[in-house]
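Note sheet for the following structure.
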DNA sequence: ATAAAATCTGAACACTTGTCCAGAAAAAAT
DNA sequence: ATTTTTTCTGGACAAGTGTTCAGATTTTAT
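Residue numbers (UniProt numbering), protein chains in the order written: chain A, 1 to 204; chain B, 1 to 204.
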């Protein structure tokens, strides 16, 4: 066995190790998210998360620097997933007309399915107004969302300059009907579809 | 002195007393707001507020039921003032063309002048997604804001049905540029004016 | 089988939180 | 001037917070 082989073997081991650690981090983050989306950022303690994960408090600190590190990791993880989900809708080969419809339906479905997770996003986004520790992750995610809208618009033949304003408009309707849905208004997602369709038709 | 006179006198006293109490409540609330807008809902303790008011913690409980009561009182108080301010702009006798301009300028000025207070509003609005105790005050204020937009639209000759969607759009731009402004982007309010003007011109 | 390294535990720490309340201080009524 | 009522104080309380860390446990390497 040459020296290079040895080094390669060691590198492999190290990688496998950090991959395992990453998997465990994600596993913990997933449990943390289930806790966070129920209680919100301020009301969720590390003990809540530890209990939810079936793990001792110390373990959380073994994997995450501190509470902020844990929470930003969680938010990033979930929102990346959301952007990917919505992105896959746009990748499917569909006619431009159907595209907008699918996009909107995807969003309204997400209100129904992931209402609690989305409210966590709005919680963190608001926290960022007070705590600079959240500024970066919020800006990153908001960029991702804007890009998502940009690809949607470019596929619909609209100038990409409209990405930011369109994102903002979509977001405000999304947030409003999410709020209504959380308050018990089961018809909110359908209403969301109607109102946003009307708005996009005027734009596209 | 007749018996009726006596009763009237007593009623007067009672009224003066409760008026005095109301004034003191408002005084405390104003101090509380200065604390809340710096730290946000979750991070502001009753001790912070007490210190800011130059008063002992017990005094706060003498005037307010509990923390939620105090905070909702504060939010209501400040937002009512904001709606009144904006409403007075609409009451002035101006041409419809100037109206939109004035309205937008008023909003952008408020970003500059009351940035911290507005972020408190967004904080509470998000809290309402988790804590039903805030649902009522948030719904009330949001109704007030929608009505504000409605009167603006009716003066501009736009169907009042557009009030809700227009409010949502204005809100999203307001929130976004407020966030940018708080992050240090001094040009955000001006940008807000430009973007919203473009949007309203298309609508009006 | 043994040693070493990584993983995990949960008690302990120092601190903060909202709330309560006996009693002091001030104001109002008599 | 005296009593009654209102207003206010600030210490005490129980519960909860994030963080630390010595040591137990498990996994990995030799």
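Built from N, CA and C at the ideal position, the CB exists for glycine as well.
Spatial neighbours of residue i within its chain, please: CB distance less than 8 Å, with the 5 preceding and 5 following residues excluded, ordered by chain position.
{"i": "residue 36/B", "result": "44, 49, 71, 74, 120"}
{"i": "residue 106/A", "result": "85, 86, 89"}
{"i": "residue 154/B", "result": "160"}
{"i": "residue 52/A", "result": "31, 32, 34, 35"}
So, at 7 Å on beta carbons, what are the nonlocal neighbours of residue i in its own chain, with the 5 sequence-adjacent residues on each side left out?
{"i": "residue 63/B", "result": "24, 25, 28"}
{"i": "residue 171/A", "result": "none"}
{"i": "residue 194/A", "result": "none"}
Am I right that residue i and residue j are in contact with their C-beta atoms under 8 Å? What's the rounded C-beta distance?
{"i": "residue 138/B", "j": "residue 128/B", "result": "4 Å"}
{"i": "residue 110/B", "j": "residue 192/B", "result": "At roughly 10 Å, the Cβ-Cβ gap does not stay under 8 Å, so residue 110/B and residue 192/B are not in contact."}
{"i": "residue 112/A", "j": "residue 189/A", "result": "5 Å"}
{"i": "residue 122/B", "j": "residue 126/A", "result": "5 Å"}
Counting C-beta neighbours from all protein chains within 10 Å, is the total for residue i 16 or more, i.e. buried, or is it exposed?
{"i": "residue 206/B", "result": "No answer is possible for residue 206/B: the residues shown for chain B start at 1 and end at 204."}
{"i": "residue 91/A", "result": "exposed"}
{"i": "residue 141/B", "result": "buried"}
{"i": "residue 16/A", "result": "exposed"}
{"i": "residue 186/B", "result": "exposed"}
{"i": "residue 198/A", "result": "exposed"}
{"i": "residue 22/A", "result": "exposed"}
{"i": "residue 196/A", "result": "buried"}
{"i": "residue 1/A", "result": "Since pLDDT at residue 1/A reaches only 46, below the 50 mark, its modelled position is unreliable, and no value is offered."}
With distances taken between CB atoms, is the gap from residue i to residue j smaller than 8 Å?
{"i": "residue 47/A", "j": "residue 55/A", "result": "no"}
{"i": "residue 19/A", "j": "residue 68/A", "result": "no"}
{"i": "residue 176/A", "j": "residue 168/B", "result": "yes"}
{"i": "residue 144/A", "j": "residue 96/A", "result": "no"}
{"i": "residue 94/B", "j": "residue 148/B", "result": "no"}
Counting only the same chain and skipping the five closest in sequence on each side, list residues whose C-beta sits under 6 Å from that of residue i.
{"i": "residue 183/B", "result": "none"}
{"i": "residue 277/A", "result": "Residue 277/A is absent from the model: chain A starts at 1 and stops at 204."}
{"i": "residue 203/B", "result": "none"}
In whole angstroms, what separates the C-alpha of residue i from that of residue j?
{"i": "residue 164/A", "j": "residue 178/B", "result": "15 Å"}
{"i": "residue 174/B", "j": "residue 115/B", "result": "10 Å"}
{"i": "residue 33/B", "j": "residue 77/B", "result": "9 Å"}
{"i": "residue 104/A", "j": "residue 59/B", "result": "51 Å"}
{"i": "residue 131/B", "j": "residue 200/A", "result": "33 Å"}
{"i": "residue 146/A", "j": "residue 162/B", "result": "25 Å"}
{"i": "residue 98/B", "j": "residue 117/A", "result": "43 Å"}
{"i": "residue 205/B", "j": "residue 42/A", "result": "Residue 205/B lies beyond the stretch modelled for chain B, which goes from 1 to 204, so this question has no answer here."}
{"i": "residue 61/A", "j": "residue 100/B", "result": "53 Å"}
{"i": "residue 80/A", "j": "residue 166/B", "result": "30 Å"}
{"i": "residue 66/A", "j": "residue 38/A", "result": "20 Å"}
{"i": "residue 124/B", "j": "residue 124/A", "result": "13 Å"}
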